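Adding 1 to a residue's 1-based position in the sequence shown gives its number in this note's numbering.
Idealized CB from N, CA, C, for every residue including glycine.
Since the structure is predicted, the reported quantities are computational estimates derived from the model, not experimental observations.
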Amino acid sequence: MEITGLQAYAVDVPLVPFEDGGVAPYVTNHNSLERMTRVLVRVDTDEGVSGWGEMRVFLTPEATVSVLEDGIEPFVVGRSPFEVETFRRQVFIEYANADLFFAPVEVACWDIVGKVLDRPVYELLGGWTAPGQTETRHREHQGEYAAERDNRTVEVAYCLGILPPEESAERAVEVRDAGHSVLKTKAGRDWRDDVERVLAMHDAVGGDLLFRLDPNQGWTVDEAVRVGATLADAGVYLQYLEQPIRVDAHRTLASLQARTWQPIAPNEDTYAPHNLRRLIEAGAMDVAVLDLTPAGGLSGLRQQVALVEDAGIPATHHCAFDLGIRTAAILHAAYGLPGLTLPPDSVYGGWETDVVREPFEITDGALTVPQSPGLGVDVDERVVEEYRIE
């Protein structure tokens, strides 16, 4: 079996407004989103089996599609889709992390391999437990909620943008009542407002939720110290502070870790090759927030998870406004890689629509891992064309 080509599709999909139960406008330290552009990748083979991958836009939709179709396709045509470990190792481009462009192709190849072998991807990753066996996989370490969960589901952390404290508190109650145990909120525009928002949500749910706070590098060290101390003084202990300060300041991050009761969780810092090992060596990380796209796909993610697991560090998967294709890949990873011990982030409930024929449903704060071969999702190309950016 050989790869014969790939096709990239940029799609622009609206988000559901907050007042209608969605998350728009999704406000971060950098922007305010009411819709999101994604790039979908279909990989075709000479035996008529195709697979799908998905990534965020790099610079512009046109640039991303061009890199994939003009730059990446020549490297993979004629190769076997079973060569998933080699795709991210094929090329070195100075001053750039080419892995992120191979990632959706690599995921599409896992999709193809699973379809050919008639197995879901999580089985191929090797961390699953067969029906009827004792549930001993990673979700037992995610918290008490795992004990009562069906062994084919993965709890997800609900993600919320920067909102006024009152609206944040209102949504926190809804999130708790919907069965979630973890809520992540964006931050970074004003550390005092960030603290006020978390305290409002904590009080509204009576301490029933764990919180993740993500300023996207928006604080200075002294501000991060104040956030951690103020919340701790109020009796609020976060699941983690995600990338509180700028990237590539590992010693400073380590000093921050030593000065706060709140766990420190680098995210953007993990995107650069070899940074993860440096963070471990610097003692600058309590939790690793990983992402399969900059890692080069599921194979690269598996390697990263092994690194942090060997260091005794818990890990979770980052959210990047994922449609059904990448959501499926993340679920297979969370279910199939035992080192991913914390619920992955998700804003899946915020999409107006999805490009898969049977969209996921969040039930009791969890998503069901697809059981069909490959990624287990069927892409509706009519919907792709409807939202496609030409």
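Check your understanding: Hey, how far is the Cα of Q134 from the Cα of D13?
Key -> Unreliable positioning characterises Q134 in this predicted model, as indicated by a pLDDT of 41, which lies under 50. The coordinate reading is nonetheless provided below. Those two C-alpha atoms are separated by around 43 Å.
Point to revise | D151 versus T369 - alpha carbon distance | key: Because D151 sits at a pLDDT of 49, beneath the cut-off of 50, its placement in the model cannot be relied upon, and the following sentence gives the value as read from the coordinates. Distance between the alpha carbons of D151 and T369: 9 Å.
Point to revise | Assigned secondary structure, F83 (DSSP; H/G/I helix, E/B strand, else coil) | key: coil
Practice item. Would you mind reading off the limits of the beta strand (DSSP E) that contains Y10? Key: 4-15
Review point. How is E149 classed by DSSP in three states: helix, strand or coil?
Key: Confidence in E149 is poor, its pLDDT being 42 and thus under 50, which makes the residue's placement unreliable; the coordinate value appears in the next sentence. Note: E149 maps to helix in three-state DSSP.
Review point. Roughly how many whole angstroms lie between the Cα atoms of Y267 and E48?
Key: Note on residue identity: the sequence assigns Pro, not Tyr, to residue 267. If you take the alpha carbons of P267 and E48, they lie about 42 Å apart.
Check your understanding: Enumerated in chain order, which unbroken segments of the alpha helix (DSSP H) with a length of 4 residues or greater are wholly contained in the stretch 256-320?
Key -> 276-283, 293-296, 299-311
Check your understanding: Which residues in the same chain have their Cβ closer than 8 Å to the Cβ of H181, if we skip the five residues on either side of it in sequence?
Key -> E156, V157, A158, Y159, L210, G366
Practice item. Return helix, strand or coil for R247, following the three-state DSSP convention. Key: coil
Practice item. Assign H139 to buried or exposed, taking buried as 16 or more other Cβ atoms, counted over all protein chains shown, within 10 Å of its Cβ. Key: Interpretation of H139 is limited by its pLDDT of 38, a score under 50 that renders its predicted location unreliable; the figure taken from the coordinates is listed afterwards. By the 10 Å Cβ count, H139 comes out buried.
Review point. Out of curiosity, what's the CA-to-CA distance linking L302 and E171?
Key: 35 Å
Point to revise | Residues near P105 in its chain [Cβ-Cβ closer than 6 Å; skip 5 each side] | key: V42, G54, E55, M56
Exercise for review: Could you check what DSSP says for Q134 in three-state terms: helix, strand or coil?
Suggested key: Residue confidence for Q134 is low, a pLDDT of 41 falling below 50, so the modelled location carries little weight and cannot support an answer.
Exercise for review: Note down, in chain order, each residue of its chain lying with its Cβ closer than 6 Å to the Cβ of D292, except the 5 sequence neighbours on either side.
Suggested key: H319
Review point. Span of the alpha helix (DSSP H) holding V117?
Key: 100-118
Review point. Roughly how many whole angstroms lie between the Cα atoms of S81 and A201?
Key: 53 Å
Exercise for review: Determine the direct distance from the alpha carbon of G6 to that of D112, and round the result to whole angstroms.
Suggested key: 15 Å
**Study point:** Neighbourhood of A312 by C-beta, 7 Å cutoff - its chain only, sequence neighbours within 5 removed
**Key:** I281
Practice item. Count the other CB atoms, across all protein chains shown, that sit within 10 Å of the CB of G189; report buried if there are 16 or more and exposed otherwise. Key: buried
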